[in-house]
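Below is one structure; the comments refer to it alone.
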Amino acid sequence: MSRLDSFIRRLTAQRDILNLILEEVSHIDGPILEFGLGNGRTFDHLRERLPDRRIVAFDWDVHAHNSSVPEGEDMVLGNIRETGQRFIGIDAALAHADIGTGYDDKDAITLTWLPQLIAGVLAPGGIALSGLPLDHAQLQAMPLPPSVKTGRYFLYRRLSA
Numbered sequence: 385m386s387r388l389d390s391f392i393r394r395l396t397a398q399r400d401i402l403n404l405i406l407e408e409v410s411h412i413d414g415p416i417l418e419f420g421l422g423n424g425r426t427f428d429h430l431r432e433r434l435p436d437r438r439i440v441a442f443d444w445d446v447h448a449h450n451s452s453v454p455e456g457e458d459m460v461l462g463n464i465r466e467t468g469q470r471f472i473g474i475d476a477a478l479a480h481a482d483i484g485t486g487y488d489d490k491d492a493i494t495l496t497w498l499p500q501l502i503a504g505v506l507a508p509g510g511i512a513l514s515g516l517p518l519d520h521a522q523l524q525a526m527p528l529p530p531s532v533k534t535g536r537y538f539l540y541r542r543l544s545a
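Next up, the structure:
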């Protein structure tokens, strides 16, 4: 598969999963956390679909279009592994992590800390969406929409403590 086709499938999977879960997320208290702002497309989609929710985005640097960047303290810059720790216990309704690199060795390092971070920021019953698999005892896999091929994107619910 070409890199272009892979990119399109990844973005389509994100959109399809978000559209599947956003109604449910709207009934869960807590902020939305976007780990990996990138160019801001997913942030913009979340903001449009959940206009009254606080959305906090994390990234090394801002590369998004100005219209797709959260304001003030809702844009957290720096190493996500470190900056995300400040949000442990925030009881987020949704945490989305799109920080995979496509390099197995780099992603393996991310997977040593990302599952714990996601489980730690989510409220019980909160939902996680990730481009990388999140193996953690408090995260239970949820079914994907039929349009998303298994292994393309991952969806979880945080279990109660």
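Heads up, the sequence shown is in the numbering used here, so the first residue is 385 and it goes up one at a time. Quick reminder that beta carbons are idealized off the backbone N, C-alpha and C, glycines included.
- Counting every other CB atom within 10 Å of its CB across the protein chains shown gives G486 a total below 16, marking it as exposed.
- Our two residues, F471 and N423, have alpha carbons roughly 22 Å apart in a direct line.
- When DSSP reads this structure, Y540 sits in a beta bridge with A512 and A525.
- When C-alpha distances from I464 are compared across H447, N450 and W497, the shortest belongs to W497.
- P454 counts as buried, since at least 16 other C-beta atoms from the protein chains shown sit within 10 angstroms of its C-beta.
- Taking the Cβ atoms as the reference, G468 lies roughly 5 Å from L501, within the contact range of under 8 Å.
- The Cβ-Cβ distance between A479 and V446 does not fall below 8 Å.
- The criterion of a C-beta distance shorter than 8 Å is not satisfied by I493 and G414.
- A direct Cα-Cα distance of roughly 9 Å separates V409 from L434.
- A straight line joining the alpha-carbon of A441 with that of P530 spans about 28 Å.
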